[in-house]
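For the protein sequence lines, the chains are A and B, in the order given.
Heads up: the first sequence begins at 1 in this note's numbering, then just goes up one per residue.
Heads up: the second sequence begins at 95 in this note's numbering, then just goes up one per residue.
Data first, discussion second: the structure below is written as structure tokens.
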Amino acid sequence: MSKEWPLWEIFIRGQHGLSHRHVGSLHAPDAETAVKNARDVYTRRNEGVSIWVVEAKHITATAPGDKGPIFEPSESKIYRHPTFYDIPDEIGHM
Amino acid sequence: MYAQMVKSTGQGVKSLDEMDPVEREFQEKVDADIRIEPRDWMPEGYKKTLIRQIGQHAHSEIVGQLPEGNWITRAPTLERKMILLAKVQDEAGHGLYLYCAAETLGISRDDMTEQLLSGKMKYSSIFNYPTLTWADIGAVGWLVDGAAIMNQVPLQRTSYGPYARAMVRICKEESFHQRQGYDIMMRMAKGSEAQRRMAQDALNRFWYPSLMMFGPSDANSVHSEQSMAWKIKINTNDELRQKFVDQTVPQAEYLGLTVPDETLAWNEEKGGYDFAEPDWDEFFDVLKGAGPVNNDRLEARRKAWDDGAWVRDGLLAHAEKRAARKVAAE
């Protein structure tokens with residue numbers, strides 16, 4: 001059997017100035033073809049104005065088991081949110 | 095439904111108390127509607143059943159291009175041709191989203207393709223019926239995509255993250271498919287007498303095969319019970335079929351067409367229609383490969399796979415050569 005084309009992760013930036021967002025993946029022999037195929041598969045209905053492709057094997061991710069140690073510390077730091085502070089009504093919007 | 099008769103572990107559903115702590119944590123997440131992601135722990139049976147179900151769904155999208163592709167060159171106007179091309183292209187995309195979702199479970203796309211071609215994996219029974227006239231393209235969009243939507247909308251809430259996300263994209267695109275089908279039916283039903291007859295004939299031939307898409311009653315099936323506990327199946331086959339009939343009958347009436355079921359009657363008490371079951375012997379025959387065009391469908395897929403081999407290999411060889419040249423230049 002022949003070798004399978006590598007897997008690429010596809011990121012698209014929509015029209016309204018937001019960041020590129022992961023939309024899915026596809027197989028392609030190289031980056032150029034991945035971009036062309038991503039255009040055909042993921043932007044058929046005006047979904048975007050810019051495409052990034054990254055070969056899936058180059059992505060490093062957090063492990064599901066590390067969710068606690070990595071993300072829990074931020075849960076207790078409520079003073080990082082504006083709602084932590086009481087501002088008197090007479091001050092108005094801040 | 096694009097996935098029919100998907101087998102799970104074959105055992106009954108375990109209670110939380112019978113599970114070890116890891117499986118229990120998994121089931122509690124599912125119960126709380128927290129999505130399961132590719133690298134999370136999951137029971138072997140969950141993974142296997144999902145591969146079967148998503149794979150079958152993906153194959154259905156791909157094989158489903160064939161009955162419609164049959165009419166691209168013969169569409170009655172340039173506009174209809176462009177619309178049909180866009181629809182068939184969407185089906186390819188849907189297949190791709192689903193193959194990618196299945197791949198996150200550790201099976202390769204080529205592996206799935208080969209299992210389809212060898213007959214080990216199935217696709218929906220509906221695509222083993224031929225599209226004989228242009229009205230069939232209308233009936234396929236209206237009834238077949240209508241039945242698919244019925245099944246796919248709840249699957250947007252399925253427990254497996256990549257599957258649920260693929261379904262969200264698919265559902266967004268699918269409603270165009272059903273509306274374009276109904277648009278064809280409206281035009282035919284209100285056209286000449288010959289066109290009206292063609293529309294009625296398409297409804298006659300596609301009605302029961304569309305009801306079969308949901309699969310036989312699974313009210314007492316252990317597979318369904320398990321799949322529902324895992325939230326990879328949200329409704330029973332009968333629930334979805336009832337919903338489909340209730341939605342479709344008024345649409346047929348609007349067209350002035352007759353649903354080919356003499357027993358069809360509104361049942362005030364249950365708030366739905368009573369209707370005749372399709373011929374389940376025919377359904378099982380089609381699944382086994384004896385439908386009108388099973389052989390043509392698989393033959394077409396095999397030919398596409400074999401004829402495309404040199405393109406897949408050639409593009410990869412070219413990419414590797416260029417990558418090597420780039421390394422040498424650095």
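Ideal placement from N, C-alpha and C gives every residue a C-beta, glycine not left out.
Being a predicted model, the structure only gives us computed values, none of them experimental.
Cβ-Cβ distance between residue i and residue j below 8 Å
i	j	result
residue 147/B	residue 100/B	yes
residue 367/B	residue 260/B	no
residue 406/B	residue 5/A	yes
residue 227/B	residue 132/B	no
residue 127/A	residue 47/A	Residue 127/A lies beyond the residue range present for chain A, which begins at 1 and ends at 94; the question has no answer from this structure.
residue 150/B	residue 244/B	no
residue 144/B	residue 254/B	yes
residue 296/B	residue 229/B	yes
residue 40/A	residue 413/B	no
residue 415/B	residue 124/B	no
residue 165/B	residue 231/B	yes
residue 59/A	residue 90/A	no
residue 225/B	residue 162/B	yes
residue 3/A	residue 410/B	yes
7 Å Cβ cut-off: residues of chain A touching residue i
i	result
residue 395/B	Those within 7 Å of residue 395/B in chain A number zero; the least Cβ separation is about 16 Å.
Chain B contact residues for residue i, given Cβ-Cβ distances below 7 Å
i	result
residue 41/A	187 and 190
residue 76/A	Chain B residues near residue 76/A: none, gap ~21 Å exceeds 7 Å.
8 Å Cβ cutoff, residue i in contact with chain D
i	result
residue 29/A	Checking the listed chains, one finds no chain D in this structure; the protein chains it contains are A and B.
Cβ of residue i within 8 Å of any chain A Cβ
i	result
residue 406/B	yes
residue 381/B	no
residue 413/B	yes
residue 295/B	no
residue 194/B	yes
residue 359/B	no
residue 332/B	no
6 Å Cβ shell around residue i - same chain, five flanking residues per side excluded
i	result
residue 308/B	95, 331, 334 and 335
residue 310/B	374
residue 1/A	For residue 1/A, the predicted model reports a pLDDT of 46, less than 50, meaning its position is unreliable and no value from the coordinates is stated.
residue 193/B	152 and 203
residue 359/B	368
residue 158/B	185 and 221
Minimum Cβ-Cβ distance from residue i to chain B less than 8 Å
i	result
residue 36/A	no
residue 24/A	yes
residue 1/A	Confidence in residue 1/A is poor, its pLDDT being 46 and thus under 50, which makes the residue's placement too unreliable to answer from.
Chain B residues whose Cβ lies nearer than 8 Å to that of residue i
i	result
residue 5/A	406, 409 and 410
Proximal chain A residues relative to residue i, where beta-carbon distance stays under 9 Å
i	result
residue 131/B	64
Interface partners of residue i on chain B, CB under 9 Å
i	result
residue 33/A	409 and 413
Amino acids of chain A, ordered along the chain, whose beta-carbon sits closer than 8 Å to that of residue i
i	result
residue 416/B	30
residue 203/B	4 and 27
residue 134/B	64
Sequence-distant residues of the same chain with beta carbon closer than 8 Å to residue i, five excluded per side
i	result
residue 83/A	none
residue 211/B	392, 395, 396 and 399
residue 50/A	12, 13 and 20
residue 341/B	240 and 244
residue 258/B	129, 249, 250, 251 and 252
residue 262/B	250
Residue i: CB within 7 Å of a non-hydrogen atom of the ligand NAP
i	result
residue 86/A	This structure lacks the ligand NAP, and indeed carries no ligand of any kind.
Cut-off 7 Å between Cβ atoms - residues of its own chain near residue i, not counting five sequence neighbours on either side
i	result
residue 248/B	328 and 329
residue 292/B	227, 229 and 282
Three or more C-beta pairs closer than 8 Å, one from the stretch 325 to 334 of chain B and one from the stretch 380 to 387 of chain B: is that the case here? no
- May I ask you to verify whether the stretch 222 to 240 of chain B touches the stretch 341 to 348 of chain B, counting CB pairs closer than 8 Å and requiring at least 3? yes
* **Segment contact flag, the stretch 213 to 226 of chain B with the stretch 148 to 158 of chain B, C-beta cutoff 8 Å, min 3 pairs** => yes
Discussion item. Does the contact criterion of 3 or more C-beta pairs under 8 Å hold for the stretch 21 to 37 of chain A versus the stretch 68 to 82 of chain A?
Written reply: no
| Would the stretch 349 to 368 of chain B and the stretch 170 to 177 of chain B be scored as touching if the rule is three or more Cβ pairs under 8 Å? | no
Q | Touching by the beta-carbon criterion (3+ pairs, under 8 Å), the stretch 104 to 117 of chain B and the stretch 312 to 329 of chain B | A | yes
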